[in-house]
Structure formats: C-alpha cells, structure tokens
Amino acid sequence: MSFHPSRRRALGILAVASFLAATSRAVAAPSVLPRPLGKPILRVGGRIKVVNDGMEAVFDRDMLEALGARSFATATPWTEGVPVWEGVPLSVLMDHLGAEGTTIRATALNDYVTELPMKELASDGAILAMRRDGQPMPVSDKGPLFVVYPFDQRRDLKRQDVFARCAWQLARLDVF
Amino acid sequence: MARMRRRFRFRSGWEIPLVGATSAMALAAIGMLFAGAQHVGRISRSTENNVVYQVMATAPELTRLQATIAARFMPHSEVTDEDVALRLDIVLNRMEVLAANDSQELSRDDPEASFLVEEMRSVVRSVTPTIETLRTETDALKALAALEPLNAKAARLASLTTSIASRRVAEGEWRLSWIFRTITAQVVCLTLSGLALVLLLRRMRQRARHAAEIDPLTGLASRGSFNEALEGAAEASPQLGSIAVLMLDLDLFKHVNDTLGHAAGDALLRETAERLRPVLTDAASLARLGGDEFAALFVGPGAGNRATECARHVMGCFDRPFLPAGVPVAISASIGVSVLGADDKGPADLLKGADLALYAAKDKQRGTLRICDASLKTAYAARRALSMDLEHAVERGELFLAFQPIVSLVTGRTESFEALLRWRHPSRGVVWPADFIPIAEDTGLILPIGRWVIREACRSVSDWPDDVRIAINLSARQFSDPSLIASIADAASEHGIEPNRLTLEITESTLIGDDGAALATLDALRRTGIRTALDDFGTGYASLSYLTRFPFDTIKIDRSFVQGSCESANHQVVVRAICGLAADLGVETVAEGVETQDHAELASALGCDFGQGFLFDRPLSPIDCAARLARERLGEVQARRGARPMPAPDDARTQIARPAGA
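Just so you know, the protein sequences line up as chains Z and U, in that order. Under the numbering used here, read the first sequence as residues 16 to 191, first letter to last. Under the numbering used here, read the second sequence as residues 1213 to 1874, first letter to last.
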C-alpha cells in the first residue's frame, strides 16, 4: 500500500498540529477571552492563563472598563493639582488573566520600560488609570493608560523606585 | 568635718554640670539622628532621577518624530498618518511633562532650563497644525525645518539637567556627611562624658569605702575593716597561735565624758590613738571598735607573744596623764589578749575571747592585762548555759525559798524569817544564789524572778502567825523597777497579809547613784507600810550619811563585824557605836552570822536587838519553819503554865553580863 505524497504531508502536518496542541495544553490551559471589538490599547503577555490572541491577551477600552474601575485622588510629581484617577486595579486585571509570576514588565508607547513587583500589588492599590478627573486621557497627555499609585493615601509609597513604576502611555504588560 | 564638707561641695559642684552636659549632648545626638533620618527620607522621596530621565527622553522622542515625518513620503514607505500622529502625541506629552517638571524642579535651580523648555514648547505648539495635516513632501520639509533647532536645545537641556542633578547630589552628600560628622563628634563627646561620669563614680565609691574603713574620730581602722582584716588573716593563716587579738578599753571613760564633756572625751580618744600608734606598729591592724574600745590584730608566727609584749608597752602609754580639755586626767586601760586556739571556730570566737579576757581583767583589777585561757572560756560557757537554764527556772518551778529565822536576842523569840532564794537545777542539783543571781541581774531575769520571790514570800508568811514577819532581798535592778511597789502591794493583798509584815533588804550599793530616786522609792515603800532594812552594813562604804539620809527600819550588821568582835576590841567598839547610833535614830539592829553562843551574848551586850545565824537555825523549809514556830509557841504556853521555864532568854541575859573574850 502506498500513500500519495501530498496526503502523506497532510497527515504529517496534522500530527505536528495535534502534538503542538497537546503540548500547549500541558504547559497551560488558556481560557478564551473575547476578542476586542474596538481599537486595542493594551496587550498582555507572559505567564497568563486567559488569552485571546495567540498566547497573549489584547484589550480595547470597553473590555478594560468592563473589569471594574476603582478611583482615588492623588497628586503626582508629573501633574498639577490633585486629580481624580480612575481605572482598573492592576491586581484585578492580573487575577482576571490568571497571571502567575513575581514581576510585571510594563512597556510604554515611547518604549519606556519599568518593572512592578507582583507581590503587594493589591495592597499597594496601583491602578491602570484610564480617566483623569472623569475624562479619558489622550496620548498627548499620558494616555491612554497610566499606572498610578495612591501616593496621598499611602505616604510610604512616595519613593523613587515607586515613582519609576508609574509608566504613562502604557501599551504592554508582560508577566514573569 | 570642715574638710569633709568642702570636699562634698567640690564633688557636687562637678556632678550637676557633667550630668547636665551629658544629657544635653544625648538629646542633641538624638536630634541629629532624626535630622539624618529625615534627610535620607527626603532623598528617597525626591523625583530627581525621574526628572533626569524625563529630560533625557526628549531628544530620542523628537528624533523619532522627525524620522517618522521624513519617512512619510518616501517611496514604498509603510509609515502612515496614524504613526506620525502617535509620535507627535508622544512629543506633545513630553512637552507637558517638561513644563510640569520645569515648574516643580528645574526652574528652582537654573532659569536657563525653564527658558529652554518654554522655547521648545512654543516651537512644538506652532508646528503641530502643520504636522497634523501633512499633505505633501513640502509640508514635511517645512515641519522638519521647524523641528531641527529643537535637537540642539534638547541636548542642551539634557546636559543642564544632568549638571543640576549632580550638583544637587553633591549638596545632599555634603549635608549627609556633615550630619554624620556632627553625630560622630557628639558620640565622641558622649563617650568622654560617660567616661568622666564613670571615673567620678569610682572616686565616690573609693571615698565611701575609705569612709567606711576609717574611724573618722581617730583615723584608726574602723570596726568593719578590722573584722575584714581578721577574717582575711583567718583564711590566710589558720594555724594555731598564728593570730592574736589585743582588745583595750579605757577605764572609767564614761566618767571623763560625764564630767568634762563629750569634746574632752573625743580629745582623750584621739590622744589615746596617737599614743597607741607608735607602740603597735607590729600589729596588722589597729582599730577603734567603737566607744572607748580599741583592738589590734597580730598575724604570723609568735602572734600571741608579740601581742602580750605589745600589751605591756601599751600599759606604759597610760603612765603619763592625759590632757583632754587642758585638764590632766589619769587614765588606765584594761587589756584582754586572745590567741587562736584549737577550740576557736573562727574570728568571732577570737574576738569573744579577747572580750572575755578584757572584762575579766576589768572585773579583777582595772588597768591590768589578762590573757584569755581555757578556764575563762569554760566559765563563760558555764555561765551561758546557766543563764539559758535560768530563763525557764520560774515556769518549770525549779526555784524555791528557804527561810532563816531572825531571833530576838532579848526574848529568844523568832521575830521573822529572811527568805533565801534557791534553785533546784534538774542536773546540777541546788545552785546557790551567788552563782546565779549575778547572771539574773546581767540578763534582766532578776525582775521576773524577783516578782516570783515576792509572791512566794507573801504566800509563805500568810501561813504563819500574824506576829511573824518576812524579809526579802532586793537587787538594785528591782529597786529601780517602777512597778516594784505595785507588784508587792498586789502580792500582799492577794494573800491577805499586812504590808508591815514585809521587810525589804537592800545593800548600800543599791543606793549609789541617784539619791533622789532612791529616797523617793524608800519613802513610797514606807508609806505603804512596808519595812526596809539596810543589808550587810559595814562591808561597803559603810557610809554613816546613808543612815541619816535614808529612812530605814532596820540595820543588818555584817557577819564580819559580829564574828570579829570576839577577837578584836576594835570591832566591838564599832559594833557598839553602830548600835548606839541606831538606837538613837530609832532603828532596830540585826547581828548577822551569829554562829556560837559567844557571838549571841556579845552581840546582845553590844546593843544588838536581833540575831541571825547557824546558832538559831540554818535556812529552813516551810515545814521546818512551821515546826519551829509551833515548838516556840508550845514552850511559851508551858512557861505561862509554870512548867519547865524556857532557858534561852534569861540565860542569854545572864551570860551577856560576862565580858567578851574573857
């Protein structure tokens, strides 16, 4: 009995594909996140379990809004006055994606890179601010996403290393 | 004293400023530490590094915008309007950030920085509409031309910011090192003042130890340091005979204190110390133990002999009179020496031995030396054992009374009995008063014992016919006891006897001292009807003034006179004179120690009213007393009935007519 060469190749591809699928299921069993309908503003990669684009999770504004927002008023070294910042807590986002790791690397549109420790993410209360004083933030004013800590509520956070974690024009998160 | 006070003032003069300075420095150091912590906190809170990054990021962002614009109209370019808009937005955002940083940080240090930021912002603002609406290559070239000068400005701003930041870092470092140096200096000062305080404390301790070791009056060692030296010697050389203690006590020192005053007493003690010092150079320690008691410690081979030798020299110190308060006073000293023996268990025994020897010397003859020996210790131990037993003698009913009759030399009738105390010791048998009354007096047991004697005497006399009295001996301690009269009155009323059936016998020595108090007691006794007798008259001072000053009912003439009268005419003269004197004062006389018929006859002839002694009876038990009284009464009755007459009285009368010694 002999096989047609093209058929044999198709069987080979099928075998490789099923092997790959089995392997990826063994490494992680990603749940499916709905794909964004609007313009994507955030992409999350690394050790997460919930994905919607290959091994990564992509969010538009509405998806992020749907995760639930938290707000607080605080001054920052880079802004005037005491604005009210509103956005999804980073810890909520990480929980939602089933993130497992110690560090989040944040990358901004201007290629600024900083690292946030996963530990104490919830207790420190960092949010991905999407609104400032109720208004969405444009790229020309630290938008669309800005990592903000509640400095005025937690004076111990007023440190150089925490300031450095506050990335504006945030575009991407990677979990390690 | 004045020197000590001055020293104290000097000391307290240093203490307060030093403690104050130390506390102030400690507070300053704490303040400085807080300042340092705050400074470090400020550095960690500062956004300086962040600002530097923000400024440095300006140049690449500008460059990327220019590159995006330049590539927009190149053939096959994939750059879209959206990409240009993103890069523009990033630069616009950067300008806002710079403005914010500018207002907060940069302008404070350098006006050029804020000038540069303002220039860049205005250029970006003016070129923004052009970039937002790029249609042709010409538009792009126009925009690039406008942006080009910003590259130099961004570079200039970056270098300016860096130098400002490094200047700030240098300032911060300098401030931190200043704080560190200040804290170091403060810690050094604190350590020094702490050291000074420790030194001060040590000196004060030394001074306190010195004060405890030295007797302030004489400059000799104190009791404490003498004991320490003694204990040290006992530990170092415990061989027999290697340690000796010489103890010295000034005789009649209290008299000097009382008559010349305490200042003279102190001067005397100082002078004594001065005289002792050169003769006791061989002693390991010379101390004033307290009061007028001095002690010297001898250690090493032949300690006992050396101590005895020194003691003789010490005696010589008192040959010359002392001059306290400018008055020459002859003072002697009694010395006791004790050498470490087999039966001494420790230094305390050695001291006790020296003390025993000293008091033995004092008792025997003042101004002499006595060396402690086994007999002294045995006597002390026996005395101590006896005194412990005596404590329980009353409650165990070991005491009893014997009664010796006192008989009328005229009628031969028993007028009264003298109650004599006896102690039936459970293991020693009967102990005589001479052996235990001194102990009772020393320990104060004489008071409860005396009260028992009075009660017992009252009980005994209540059994006898109403005309028979009883005499009780009273010690000096009892005589000065304020509750004496009340206790006698209680005992008398308890047994229903008249107070005048009681005679209290006291010796002359009891009366020495406070005349007024003695007189008051005697008067009080007489008021209650109790009779008093002067006992053993003639042995002590035999002061006739006592007879005039104190109201006695009876004088008891000492046995030595009564018995001596048989051999010596002089004795007869004295006894006759006493009796004559007594008769004129209205006082009865009792001859003591009447042992023979001759004694009785002579005493009667010389004028004594009563006699007491073995001739009549030895001290009797209560039953024998009753028998004697019964026999006497029976004889009287028989005499009245005209039966066989009683020989004694009439015979005595006739015999007395015969001259004594004939």
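A virtual CB, placed ideally from N, CA and C, is assigned to each residue, including glycine.
Distances from the CA of Ser138(Z) to each of Ser106(Z), Leu185(Z) and Trp183(Z) were compared; the closest alpha carbon is that of Ser106(Z). In this structure, Leu1362(U) places its C-beta atom within 7 Å of the C-beta atom of Met1332(U). Using a Cβ-Cβ cut-off of 7 Å, Ser1334(U) does not count as an interface residue toward chain Z, since no Cβ of chain Z sits closer than that to its own. Contact between Thr1259(U) and Ala1366(U) is ruled out by a C-beta separation of about 20 Å, above the 8 Å threshold. The C-beta distance from Glu1653(U) to Arg1689(U) rounds to 6 Å, short enough to meet the 8 Å contact threshold. A distance of 7 Å or more separates the beta carbons of Val59(Z) and Asn67(Z). Ala1448(U) is positioned such that its CB atom lies no closer than 7 Å to that of Ser1497(U). Under the DSSP definition of a beta bridge, Arg85(Z) partners with Gly102(Z).
Looking at the DSSP output, Lys1768(U) bridges to Val1802(U). Looking at Pro55(Z), Thr117(Z) and Gly102(Z), the one whose alpha-carbon comes closest to that of Met133(Z) is Thr117(Z). Under the three-state reduction of DSSP output, Phe1648(U) falls in the helix class.
Val1303(U) has its alpha-carbon roughly 13 Å from the corresponding atom of Asp126(Z). When Cβ-Cβ separations below 7 Å define contact, Val154(Z) makes contact with chain U.
Membership of His1637(U) in any alpha helix (DSSP H) is not indicated; the residue belongs instead to the beta strand (DSSP E) covering Thr1626 to His1637. The Cβ of Val1329(U) sits no closer than 7 Å to any Cβ of chain Z. Using a Cβ distance threshold of 7 Å, Ala1240(U) and Gln1398(U) count as a contacting pair.
Of the candidates Cys1778(U), Ala1424(U), Pro1559(U) and Thr1655(U), Cys1778(U) places its Cα closest to the Cα of Gln1809(U).
For the 7 Å CB-CB criterion, Cys1791(U) and Gly1819(U) form a contact.
DSSP places Leu1814(U) in the uninterrupted alpha helix (DSSP H) bounded by Gln1809 to Leu1818.
Fully contained in the stretch 1302 to 1383 of chain U is no beta strand (DSSP E) run of length 3 or more.
Interface flag for Glu1227(U) against chain Z is unset, since no Cβ pair is found closer than 7 Å. Interface residue (Cβ-Cβ distance to chain Z less than 7 Å): Thr1292(U) is not classified as such. If only complete runs of 4 or more residues are kept, the stretch 1672 to 1748 of chain U shows the alpha helix (DSSP H) at 1688 to 1691, 1696 to 1706, 1720 to 1723 and 1727 to 1739, in order along the chain. As DSSP reads the structure, Gly1641(U) sits in a beta bridge with His1637(U).
For Ala1508(U), the enclosing beta strand (DSSP E) has its first and last residue at Glu1505 to Val1511. Within the DSSP bridge table, the entry for Val1541(U) names Phe1534(U) as partners.
Secondary structure of Gln168(Z) (DSSP, three-state): coil.
Ranking Arg120(Z), Trp93(Z), Arg85(Z) and Ala114(Z) by CA distance to the CA of Pro104(Z) puts Arg85(Z) first.
In this structure, Leu1462(U) lies away from Ala1572(U), with their beta-carbon atoms at least 7 Å apart.
Residue environment: Trp93(Z) is assigned as buried (16 or more neighbouring CB atoms within 10 Å of its CB, all protein chains considered).
For Gln1278(U), the enclosing alpha helix (DSSP H) begins and ends at Thr1270 to Arg1284. Less than 7 Å separates the beta-carbon of Asp189(Z) from that of Arg120(Z). Lys64(Z) is outside the set of residues whose beta carbon lies under 7 Å from a beta carbon in chain U.
Those residues of the stretch 161 to 190 of chain Z placed with their C-beta closer than 8 Å to a C-beta in chain U are Lys173, Arg174, Gln175, Phe178, Ala179, Trp183 and Gln184, ordered along the chain. Residue pairing by DSSP places Ser1757(U) in no beta bridge whatsoever.
Fewer than three Cβ pairs drawn from the stretch 1586 to 1595 of chain U and the stretch 1478 to 1486 of chain U lie within less than 8 Å of each other, which leaves the two stretches out of contact.
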